[in-house]
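Chemist: Structure incoming, see below.
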Amino acid sequence: MTMTGRPSEKEIQRMIASDPDAPEATDEQLAQARPFADAFPALADKMRRNVGGRPKADKTKVAVSIRLDSEVLEAFKAGGPGWQSRMNKALRKVAGI
Numbered sequence: 542m543t544m545t546g547r548p549s550e551k552e553i554q555r556m557i558a559s560d561p562d563a564p565e566a567t568d569e570q571l572a573q574a575r576p577f578a579d580a581f582p583a584l585a586d587k588m589r590r591n592v593g594g595r596p597k598a599d600k601t602k603v604a605v606s607i608r609l610d611s612e613v614l615e616a617f618k619a620g621g622p623g624w625q626s627r628m629n630k631a632l633r634k635v636a637g638i
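Following this line, the structure appears as structure tokens:
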């Protein structure tokens, strides 16, 4: 390995050649190869639609910037994770929603 801890190209090629679980693909195998989306259309479609992240809510929230008393913010944060949701719930209650 090099001084950076990364293997050199020569070392990478040696490791590839010595791996019994990763033989070189033959010309016949390459000729039979198909794109993933052609071989597994349903799975490819599902993967395209599910790009990760949280599911979209029916009513999405809006990011805002407001000034609060530090004591108010500390009180909500002291409750641990979910403090923003608790603050939203308290504001909804005061607003009569």
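Adding 541 to a residue's 1-based position in the sequence shown gives its number in my numbering.
Built from N, CA and C at the ideal position, the CB exists for glycine as well.
1) Kindly indicate which residue of V605, A636, A619 has the alpha-carbon position closest to the one of S611.
2) Using three-state DSSP, classify R608 as helix, strand or coil.
3) Considering only the beta carbon of each residue, do F577 and A566 sit closer than 8 angstroms?
4) Which residue spans inside the region 554-622 form an unbroken alpha helix (DSSP H) run of at least 4?
Modeler: Taking the definition as stated:
1) As a first step, residue 611 is located in the sequence shown; it is residue number 70 there, counting from the start. Of the listed residues, the one whose Cα sits closest to S611 is A619.
2) As a working mapping, residue 608 is identified with position 67 in the sequence shown. Three-state result, R608: coil.
3) Mapped onto the sequence shown, residue 577 falls at position 36. Mapped onto the sequence shown, residue 566 falls at position 25. Going by C-beta atoms, F577 is not nearer than 8 angstroms to A566.
4) Counting whole runs of 4 or more residues, the region 554-622 contains the alpha helix (DSSP H) stretches 568-573, 577-580, 582-590, 611-618.
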